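Asker: Have a look at this one before I ask anything.
Residue numbers (the numbering used here): 558 to 823.
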């Protein structure tokens, strides 16, 4: 089945059987999940796609595309969860939304995004889009130069994040820190479910999250691959372990005070 047929099928599903489910729930019409890469987007998508969550929300997950690469859609089917919107705020505003909708935006310490993106581009991400270009470049330089390259390249992505933070006072948007949902997942997911009007209690949330631990996600990710490594690294390397004074200066010169704007500290 091609992508066009799959989207049509899911659109019909949204207009049909899901609508009957929706009428029995207190959910919203659509939920939008926005972020940039390396902020746990596939984990968030997996949880929102869980059958137990779908049953409570009455919404169907929409196929994820790279909208920032020219495939932007101004309208999505009603009764759907739209995952992985890697777009700036002004494009989000252009989406034609139903009367009832909610949005979650996931942020992460941008310095950690740099390190995660470095490992992904150099070692683990599938060879698609611009990944081969980045991998070829990163394979030619040492780690210090590679991290500097990533800092410079991610400037435009961090500008996306800044655009959302500058408009985060909209009632339909919930800003969520990646660090909070990984360190205190049950309480933070309870906040997300409550914001999205999905009636899932704390005990149910705990059971759902048990299906999506990092190790289980890593194993599932590896099962999809033949040769490449999993996106989920076993050993976490933090930015303090990698950044040199030159990296810090480069980051500040390129991104200004975004660390402080997002509520993090040097």
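Glycine included, C-beta positions come from ideal geometry on N, C-alpha and C. Remember, predicted model here, so these are calculated numbers, not experimental data.
Tell me the rounded alpha-carbon separation between residue 721 and residue 693.
Answerer: Within the chain shown, numbered from 1, the residue matching residue 721 stands at position 164. Within the chain shown, numbered from 1, the residue matching residue 693 stands at position 136. Near 32 Å, if we compare the C-alpha coordinates of residue 693 and residue 721.
Asker: Report the three-state DSSP secondary structure of residue 579 (helix, strand or coil).
Answerer: The residue given as residue 579 occupies position 22 in the chain shown. Since pLDDT at residue 579 reaches only 45, below the 50 mark, its modelled position is unreliable, and the value read off the structure follows with that caveat. The answer is helix: DSSP assigns residue 579 an H, G or I state.
Asker: Does the stretch 661-676 come close enough to the stretch 611-618 to have 3 or more Cβ pairs within less than 8 Å?
Answerer: Not touching, per the Cβ criterion.
Asker: How long is the line joining the alpha carbons of residue 749 and residue 650, rounded to whole angstroms?
Answerer: Here the question's residue 749 lines up with position 192 in the chain shown. Here the question's residue 650 lines up with position 93 in the chain shown. Their Cα atoms are separated by approximately 21 Å.
Asker: CB residue 656 to CB residue 586, shorter than 8 Å?
Answerer: For the purposes of this step, residue 656 is taken as the residue at position 99 of the chain shown. For the purposes of this step, residue 586 is taken as the residue at position 29 of the chain shown. Yes.
Asker: Are residue 589 and residue 616 close, meaning C-beta to C-beta below 8 Å?
Answerer: One-based indexing of the chain shown puts residue 589 at position 32. One-based indexing of the chain shown puts residue 616 at position 59. No; because the gap between Cβ atoms is not below 8 Å, this pair is not in contact.
Asker: Once the 5 residues before and after residue 745 are set aside, which same chain residues still bring their CB inside 6 Å of it?
Answerer: Working through the chain shown from its first residue, we reach residue 745 at position 188. 737 and 738, listed in sequence order.
Asker: Spatial neighbours of residue 621 within its chain, please: CB distance less than 6 Å, with the 5 preceding and 5 following residues excluded, ordered by chain position.
Answerer: The residue labelled residue 621 in the question sits at position 64 within the chain shown. Correct list, in chain order: 640 and 641.
Asker: In this structure, how does DSSP classify residue 590 when only helix, strand and coil are distinguished?
Answerer: Translated into positions along the chain shown, residue 590 becomes position 33. Reduced to three states, the DSSP call for residue 590 is strand.
Asker: Taking its Cβ as the centre, do 16 or more other Cβ atoms sit within 10 Å of residue 600, making it buried, or is it exposed?
Answerer: Locating residue 600 in the chain shown gives position 43, where the first residue counts as 1. Buried, by the Cβ-count rule.
Asker: Note down the Cα distance separating residue 699 from residue 679, rounded to an integer number of angstroms.
Answerer: Numbered from its first residue, the chain shown carries residue 699 at position 142. Numbered from its first residue, the chain shown carries residue 679 at position 122. So the alpha carbons of these two residues sit roughly 11 Å apart.
Asker: Looking at the structure shown, is residue 675 part of a helix, part of a strand, or coil, going by DSSP?
Answerer: Here the question's residue 675 lines up with position 118 in the chain shown. If DSSP states are grouped into helix, strand and coil, residue 675 belongs with the helices.
Asker: Per DSSP, which residues does residue 695 bridge with? Please list them.
Answerer: Counting from 1 along the chain shown, the entry for residue 695 is found at position 138. DSSP, once it has assigned bridges, lists no residue as partnering residue 695.
Asker: When you compare the CB positions of residue 595 and residue 713, do they come within less than 8 Å of one another, or not?
Answerer: For the purposes of this step, residue 595 is taken as residue 38 along the chain shown, with counting starting at 1. For the purposes of this step, residue 713 is taken as residue 156 along the chain shown, with counting starting at 1. Not in contact: residue 595 and residue 713 (Cβ atoms no closer than 8 Å).
Asker: Kindly indicate which three-state DSSP category residue 653 falls into: helix, strand or coil?
Answerer: By one-based count along the chain shown, residue 653 stands at place 96. Looking at residue 653 - three-state DSSP - the assignment turns out to be strand.
Asker: Please state whether DSSP places residue 766 in a helix, a strand or coil.
Answerer: The sequence position of residue 766 within the chain shown is 209, counting from 1. Helix.
Asker: Relative to the C-alpha of residue 548, which candidate in 592, 803 and 813 has its C-alpha closest?
Answerer: Since the first residue shown for the chain is 558 and the last is 823, residue 548 is missing from the structure and cannot be characterised.
Asker: Could you tell me if residue 728 is buried or exposed, where buried requires 16 or more neighbouring beta carbons within 10 angstroms of its beta carbon?
Answerer: As a first step, residue 728 is located in the chain shown; it is residue number 171 there, counting from the start. Residue 728 is exposed by the Cβ-count criterion.
Asker: Using the C-alpha atoms, what's the distance from residue 593 back to residue 643?
Answerer: Locating residue 643 in the chain shown gives position 86, where the first residue counts as 1. Locating residue 593 in the chain shown gives position 36, where the first residue counts as 1. If you take the alpha carbons of residue 643 and residue 593, they lie about 5 Å apart.
Asker: Among 819, 605, 598 and 763, whose alpha-carbon lies nearest the alpha-carbon of residue 719?
Answerer: Counted from its first residue, the chain shown places residue 719 at position 162. For the residues 819, 605, 598 and 763, the minimum Cα distance to residue 719 belongs to 819.
Asker: Taking residue 769 as the reference, which of 717, 603 and 814 has the closest Cα?
Answerer: On the chain shown, position 212 is the one that residue 769 refers to. Of the candidates 717, 603 and 814, the one whose C-alpha sits nearest the C-alpha of residue 769 is 603.
Asker: Since residue 652 and residue 811 should fall inside the 8 Å C-beta cutoff, what is the C-beta to C-beta distance between them, to a whole number of angstroms?
Answerer: Walking along the chain shown from the start, residue 652 turns up at place 95. Walking along the chain shown from the start, residue 811 turns up at place 254. In fact, because the Cβ distance is near 29 Å, the residues do not count as touching under 8 Å.
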